[in-house]
Each structure stands twice: as C-alpha cells, then as structure tokens.
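Residue numbers (my numbering): 13 to 464.
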RNA sequence: GUGGGUGUAGCUCAGCUGGUAGAGCACUGGGUUGUGGUCCCAGGUGUCGCGGGUUCAAGUCCCGUCACUCACCCCA
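Here it is, written out as structure tokens:
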C-alpha cells in the first residue's frame with residue numbers, strides 16, 4: 013500500500029504542536045470557567061433540517077450516512093443528518109430542547125470540532141475546533157452582556173500572550189447602526205449593502221461604490237455616505253459625533269450608537285486598547301441584530317478573524333418563547349495553525365516524559381519499572397529505557413525526545429540522575445528527588461525570533 | 001464551483017535542448033569494549049504522484065487523472 017498522504021483541510025499535528033494546542037485549550041477553558049460559563053458539549057450531528065434552518069446552504073454541510081442505508085433516509089431533511097458547521101446552531105437547538113432544565117440567563121462555553129466542506133487555505137480548514145461562549149436569556153437578554161462577552165474573549169486571548177501569542181484587537185460594530193443608517197439614507201436592501209460594504213478591505217472604496225450603485229440600488233450620494241460611514245473607526249466614543257456629522261437620522265441609528273458607545277467605553281476601562289469601534293464591520297450572517305465582533309491578531313491581519321460573533325434575537329425560538337443571546341467564537345485551529353506555523357510559540361519538548369530510567373541489563377527491568385512507579389506516584393512523568401543498549405544510546409534516546417533527565421541505578425544500590433542538557437550528574441534519592449518545577453512538564457513558551 | 005502553481009530519498013530540494021538516480025539534513029553501523037551532542041569512515045536511502053502516448057531511449061516532451069498548494073467566493 014502506498015504511504016498515506018495528508019487530507020487537505022483536515023489538519024493533524026505532531027506531538028510538540030499538539031502540546032501547544034492543548035495549552036491553548038486549557039487556557040481558554042480556565043478563563044471561561046473563571047467567568048462562570050458552564051461546560052456544554054453537543055453531539056457532532058444535527059438533523060439537516062436544523063442545520064439549514066437559516067438557509068445557510070453556503071456552509072457546505074457534510075452529510076452523515078450509513079454504508080448500508082440504501083436510501084431509506086434520503087428524502088426527509090428531518091431524518092437526514094449532517095455534521096455541524098458551527099456551535100451556535102446546535103447550541104440554539106440544545107437550549108430549546110433543555111429549556112425546562114436550564115436557568116436563564118444561561119452562560120455556557122463549548123469547545124468542539126466543526127466541519128465545513130469549503131476549499132482549504134492558510135488558516136482555513138474543513139475540520140477545525142471552535143471555542144464558543146454564549147449567554148442566552150429567556151424572552152429577553154440585557155444589553156450589558158454585549159459588553160461583557162468581548163471582555164471575556166480579550167481576557168482569554170490575552171492570557172495566551174505569555175506563551176508568545178501576539179496581541180489581539182476586537183473590531184466592533186452594531187447592526188442597528190448599519191441598518192438605521194442605511195434606512196435613514198433611504199436604502200431598502202440593507203442586507204445587500206452590508207454584504208457589499210463588507211468587501212471594502214478587499215476591493216477598495218471605488219469598487220464598493222460601484223457595487224452599491226449596481227447591486228444595492230444606491231445613488232451616487234447614498235454610496236458616498238455608506239463609504240463615509242464605513243471609514244469611521246475609533247478606540248473611543250468619538251465615532252458618534254462623526255456619524256452624526258453625516259446628517260442621517262433614524263431611531264434605530266440612535267439606539268445603535270448608544271449601544272456601540274457603551275461597548276467601547278466599558279471595554280476601554282477593563283482592557284484598554286484591545287477594542288475599537290469599526291463601522292465597516294458587517295458580518296455575513298443575517299441573524300445578528302445588535303453588536304457584532306471580529307478579532308484580528310496584530311501583525312497577522314492576513315489570517316482573518318480569529319474570534320467573531322454577535323448579538324442575535326431570534327436564533328432560538330420554539331414559536332412560544334424566544335431565547336435571545338450573544339456569543340463569540342474563537343477559531344482555535346486557525347489561531348494555533350498560525351502560532352505553530354510561524355513558530356511564534358513552541359513546546360519545550362514533544363513528550364511529557366521528565367525522566368528516562370536507564371537499563372544496565374534486561375534482567376534489571378523489573379527493578380527499573382519499580383523505580384519508575386515510585387517516581388510516577390510522586391507526579392514525575394517517567395519511562396523506562398526501551399532496551400539495555402549502551403548508555404550512550406540510552407542518553408541519545410532521551411536527547412532526541414527532549415527528555416531532560418536520565419536516571420542511573422548504581423550497582424551498589426544507590427542512584428544517580430543526570431541532567432543531559434548540562435551534563436551534571438549527581439546522587440539522588442528515588443523517594444525524594446524532584447526536578448525543578450520548569451522541567452516537570454513540557455512548557456509552552458514564546459519562540460525567541462532571531463533576526464536574520 | 002472558477003483560475004494559477006507544484007508533485008523526485010524520512011525532510012528540504014537539485015536534475016539544462018530527452019541518454020543509465022543526485023546534494024544537504026536525518027537515519028543505521030563502526031572508529032570510541034556501558035555516559036550522548038563534535039569529528040571521521042561505511043551504508044538502505046527511490047514503483048521520479050498515477051495511467052496512457054510519442055521515441056531506439058521519458059524524471060525530462062504530450063494527453064488524461066489524482067493529490068497538495070495559492071487566489072477568488074465565504075468564513076473561525
């Protein structure tokens with residue numbers, strides 16, 4: 013059989029990089045729990061009907077099908093299953109299903125794989141991990157959660173800075189601002205305007221103006237006004253006056269400006285410099301109704317957003333009750349792929365092992381196992397040498413894996429342990445010896461980039 | 001789905017207008033008879049992505065196909 017080749021878009025990491033990913037996941041989880049979000053996991057599949065509920069066929073859903081199914085489930089979208097393409101839609105279903113058992117407002121975090129059948133690219137995958145936090149209310153959800161959630165995410169991502177993750181900046185807009193502004197201008201097809209303005213960074217203002225006229229039915233003056241607003245961005249509430257200066261009046265615009273100003277001002281107090289109002293942020297998903305968020309890694313803007321989300325009002329509704337929410341989702345795989353791909357972050361070693369017990373002869377293996385068990389009981393990750401090869405080979409075995417210590421039982425029953433990085437070797441008591449704390453487990457550390 | 005690029009050793013890649021498989025790193029053994037890294041010596045490194053065609057002769061040229069990759073679209 014030919015050697016298997018990687019499947020595009022289904023990333024698999026080597027152990028050293030997986031250690032980085034696990035560190036990221038641990039850090040996110042710790043932060044989310046500090047903020048009182050409860051853990052939830054939903055099944056990987058949803059009825060196709062659920063997944064396509066918002067007409068999101070563009071998500072390229074993977075279908076699940078039994079080999080022996082013989083078409084028995086073919087037609088009915090309520091029985092057909094698809095792999096979820098995000099965690100928001102399954103969570104909305106979960107909330108409806110368990111509404112009677114949950115307390116509202118309900119705060120949850122959820123870290124799982126999702127699947128999208130899109131063309132893979134740098135930072136874009138077909139199987140990837142998202143880490144979501146959402147707050148949903150029953151019937152209503154106070155606005156202040158729209159202020160709280162970006163702070164949670166900034167805290168979580170900032171906690172990763174100590175291992176070398178670049179700083180982040182959250183760009184925020186409010187659907188009410190956009191919709192009110194366009195409506196006040198007299199533009200009816202708000203969705204078309206949003207979609208077009210969203211392309212500003214890619215195609216430039218001239219093309220956007222042209223598209224606004226051609227596809228959104230805007231006049232020259234209306235298109236100019238849209239662009240003027242999209243150009244506004246500020247780290248404080250100064251954007252409000254600049255929007256007002258454009259002379260558009262609408263009640264929804266007023267409401268949106270008040271909310272957006274609150275998000276910016278409150279965040280500036282907690283985590284200064286990490287969030288800006290950016291009135292060109294649109295986001296394609298049409299269920300957003302209030303604040304919308306996108307997040308870039310500074311210096312890695314080409315990667316796209318690593319954490320996005322927004323306020324939604326009608327995503328979860330059983331017809332009788334609705335559960336408005338606000339949520340943000342970190343693209344863990346995208347983030348980690350950049351951290352390890354550009355060597356910004358690395359693990360200190362690719363194995364957990366702290367100590368390798370050397371073996372003088374195969375007859376000594378039982379004694380070595382016994383020694384290793386003692387070390388493990390005291391929390392020291394230990395393996396016994398795979399063979400009683402020459403000590404040079406056993407040391408090399410440890411060296412290749414980054415195992416920092418080799419343990420040598422002596423013929424007289426005493427013990428020595430060698431730090432193979434320094435070469436220091438000294439007597440050690442198996443019942444008492446401890447490595448320095450920084451050697452106990454693999455550490456995840458910033459890579460010091462050497463200028464070329 | 002549309003358009004470009006690339007497929008040669010475990011890895012990174014050379015290989016010219018067709019003429020018999022290459023380098024570095026890694027790996028294995030030895031120099032060093034139980035304490036690694038340096039150095040020296042020796043050695044596997046291979047269906048040249050796959051299939052077909054042209055030719056005396058194809059890694060090289062042509063066609064097809066698959067995979068990977070970049071851009072568009074969209075998004076974490």
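The beta-carbon is built from N, C-alpha and C at its ideal position, and this holds for glycine as well.
For residue 142 and residue 343, which I take to be in contact (beta-carbon distance under 8 Å), what is that distance rounded to the nearest angstrom?
Along the first chain, read from residue 1 onward, the residue named residue 142 stands at position 130. Along the first chain, read from residue 1 onward, the residue named residue 343 stands at position 331. Sure, about 6 Å apart at Cβ, within 8 Å.
Is residue 394 helix, strand or coil when you go by DSSP?
Your numbering for residue 394 matches position 382 in the first chain. If DSSP states are grouped into helix, strand and coil, residue 394 belongs with the strands.
Same chain, Cβ closer than 8 Å to residue 449, neighbours up to 5 away in sequence not counted
In the first chain, residue 449 corresponds to position 437, counting from 1. Same-chain partners within the cutoff: there are none.
Per DSSP, residue 245 forms a beta bridge with which residues?
To locate residue 245, count along the first chain from 1; it is residue 233. When beta bridges are read from the DSSP output, residue 245 appears opposite 290.
Check residue 458 in the structure and name its three-state DSSP category.
Numbered from its first residue, the first chain carries residue 458 at position 446. Shown here, residue 458 sits in a strand according to DSSP, grouped into three states.
Check this for me: beta carbons of residue 351 and residue 32, under 9 Å apart or not?
Your numbering for residue 351 matches position 339 in the first chain. Your numbering for residue 32 matches position 20 in the first chain. Result yes, Cβ atoms of residue 351 and residue 32 sit closer than 9 Å.
Assuming residue 347 and residue 162 make a contact with CB atoms under 8 Å, what is their CB distance in whole Å?
For the purposes of this step, residue 347 is taken as the residue at position 335 of the first chain. For the purposes of this step, residue 162 is taken as the residue at position 150 of the first chain. About 16 Å separates the two Cβ atoms, so there is no contact after all.
Rounded to whole angstroms, what is the Cα-Cα separation between residue 60 and residue 444?
Start at 1 with the first residue of the first chain, and residue 60 comes out as number 48. Start at 1 with the first residue of the first chain, and residue 444 comes out as number 432. Between residue 60 and residue 444, the C-alpha separation is close to 59 Å.
Whole angstroms is fine: what's the gap from residue 397's alpha carbon to residue 25's?
Stepping through the first chain from its first residue, residue 397 is reached at position 385. Stepping through the first chain from its first residue, residue 25 is reached at position 13. Our two residues, residue 397 and residue 25, have alpha carbons roughly 26 Å apart in a direct line.
Looking only at its chain, what residues have a beta carbon closer than 7 Å to the beta carbon of residue 239, apart from the 5 residues adjacent to it on each side?
Counted from its first residue, the first chain places residue 239 at position 227. Closer than 7 Å at the Cβ level, and outside the excluded window around residue 239, lie 217, 220 and 221.
Could you tell me which of 41, 372 and 96 sits nearest to residue 403, measuring between CA atoms?
Taking the first chain and counting its residues from 1, one reaches residue 403 at position 391. Shortest Cα-Cα distance from residue 403 to any of 41, 372 and 96 involves 372.
Give me the residue from 242, 126, 181 and 34 with the minimum Cα distance to residue 208.
Reading the first chain from its first residue, position 196 is the one you call residue 208. Of the candidates 242, 126, 181 and 34, the residue whose Cα lies closest to the Cα of residue 208 is 242.
Does the pairing of the region 303-315 with the region 181-190 give three or more beta-carbon distances under 8 Å?
The answer is yes - the region 181-190 touches the region 303-315, with three or more Cβ pairs under 8 Å.
Expressed to the nearest angstrom, what Euclidean distance is found between the alpha-carbon atoms of residue 291 and residue 252?
Locating residue 291 in the first chain gives position 279, where the first residue counts as 1. Locating residue 252 in the first chain gives position 240, where the first residue counts as 1. Rounded to whole angstroms, residue 291 to residue 252 spans 11 Å at the Cα level.
Unbroken beta strand (DSSP E) run spanning residue 386, endpoints:
By one-based count along the first chain, residue 386 stands at place 374. Premise fails: residue 386 lies in the alpha helix (DSSP H), 377-389, not in any beta strand (DSSP E).
Sorted by chain position, which residues of the same chain lie with C-beta nearer than 8 Å to residue 57's C-beta, five sequence neighbours on each side aside?
Within the first chain, residue 57 is the residue found at index 45, counting from 1. Excluding sequence neighbours, residue 57 sits near 76, 93, 94, 95 and 96.
Can you tell me which of the three DSSP states residue 306 falls into?
Position 294 of the first chain, counting from 1, holds the residue named residue 306. Here residue 306 carries a strand assignment [DSSP, helix/strand/coil].
Give the C-beta separation of residue 227 and residue 43 to the nearest angstrom, bearing in mind that I take them to be a contact with Cβ-Cβ under 8 Å.
Position 215 of the first chain, counted from the first residue, corresponds to residue 227. Position 31 of the first chain, counted from the first residue, corresponds to residue 43. Approximately 41 Å separates the beta-carbon atoms of residue 227 and residue 43; this is outside 8 Å, ruling out the contact.
Have a look at residue 357 and residue 28 and give me their C-alpha separation to the nearest angstrom.
Reading the first chain from its first residue, position 345 is the one you call residue 357. Reading the first chain from its first residue, position 16 is the one you call residue 28. If you take the alpha carbons of residue 357 and residue 28, they lie about 10 Å apart.
Quick one: using the 10 Å Cβ neighbour count with 16 as the cut-off for buried, is residue 281 buried or exposed?
Here residue 281 refers to the residue found at position 269 when the first chain is read from its first residue. Here residue 281 is exposed: its Cβ has fewer than 16 other Cβ atoms, across all protein chains shown, within 10 Å.
For the region 362-370 against the region 382-400, do three or more pairs of beta-carbon atoms, one drawn from each stretch, fall closer than 8 Å, so that the two count as touching?
Contact between the region 362-370 and the region 382-400 is present: 3 or more CB-CB pairs across the two stretches fall below 8 Å.
From the DSSP output, in three-state form, read off residue 332 for me.
Along the first chain, one-based indexing puts residue 332 at 320. It is coil, neither helix nor strand.
Take residue 492 as the anchor and find which of 427, 414, 437 and 286 has the nearest alpha-carbon.
Since the first residue of the chain shown is 13 and the last is 464, residue 492 is not available in this structure.
In whole angstroms, what separates the C-alpha of residue 195 from that of residue 262?
For the purposes of this step, residue 195 is taken as residue 183 along the first chain, with counting starting at 1. For the purposes of this step, residue 262 is taken as residue 250 along the first chain, with counting starting at 1. Spanning the two alpha carbons is a distance of roughly 7 Å.
Name the two residues that bound the continuous beta strand (DSSP E) containing residue 58.
By one-based count along the first chain, residue 58 stands at place 46. Residue 58: member of the beta strand (DSSP E) spanning 57-59, first to last residue.
With residue 107 as the anchor, note down where its alpha helix (DSSP H) starts and where it stops.
Within the first chain, numbered from 1, the residue matching residue 107 stands at position 95. From DSSP, the alpha helix (DSSP H) with residue 107 extends over 100-110.
Nearest CA to the CA of residue 338: which residue from 329, 321 and 331?
Numbered from its first residue, the first chain carries residue 338 at position 326. Relative to the Cα of residue 338, the nearest Cα in the group 329, 321 and 331 belongs to 321.
Reduced DSSP secondary structure (H/G/I, E/B, other) of residue 448
Position 436 of the first chain, counting from 1, holds the residue named residue 448. Three-state DSSP puts residue 448 in coil, outside helix and strand.
If you check the beta carbons only, do residue 237 and residue 212 fall under 9 Å apart?
Within the first chain, residue 237 is the residue found at index 225, counting from 1. Within the first chain, residue 212 is the residue found at index 200, counting from 1. Judged by their CB atoms, residue 237 and residue 212 are not nearer to each other than the 9 Å cut-off.
Suppose contacts are defined by Cβ-Cβ distances below 9 Å. Is residue 260 in contact with residue 192 by that definition?
For the purposes of this step, residue 260 is taken as the residue at position 248 of the first chain. For the purposes of this step, residue 192 is taken as the residue at position 180 of the first chain. For the pair residue 260 and residue 192, the CB atoms are nearer than the 9 Å cut-off.
Please classify residue 454 as buried or exposed, where buried requires at least 16 neighbouring CB atoms within 10 angstroms.
Stepping through the first chain from its first residue, residue 454 is reached at position 442. The residue is buried, with at least 16 neighbouring Cβ atoms inside 10 Å.
Count the other CB atoms, across all protein chains shown, that sit within 10 Å of the CB of residue 98; report buried if there are 16 or more and exposed otherwise.
Taking the first residue of the first chain as 1, we reach residue 98 at position 86. Buried.
Residue 420 - DSSP class collapsed to helix/strand/coil
In the first chain, the residue the question calls residue 420 occupies position 408. DSSP places residue 420 within a strand segment (E or B) once states are collapsed to three.
Quick one: using the 10 Å Cβ neighbour count with 16 as the cut-off for buried, is residue 535 buried or exposed?
This structure cannot settle anything about residue 535, because the visible part of the chain is limited to 13 through 464.
Would DSSP call residue 399 helix, strand or coil?
In the first chain, the residue the question calls residue 399 occupies position 387. DSSP places residue 399 in coil when its eight states are reduced to three.
Cα separation between residue 91 and residue 159?
By 1-based counting over the first chain, the position of residue 91 is 79. By 1-based counting over the first chain, the position of residue 159 is 147. Residue 91 and residue 159: Cα-Cα distance of roughly 39 Å.
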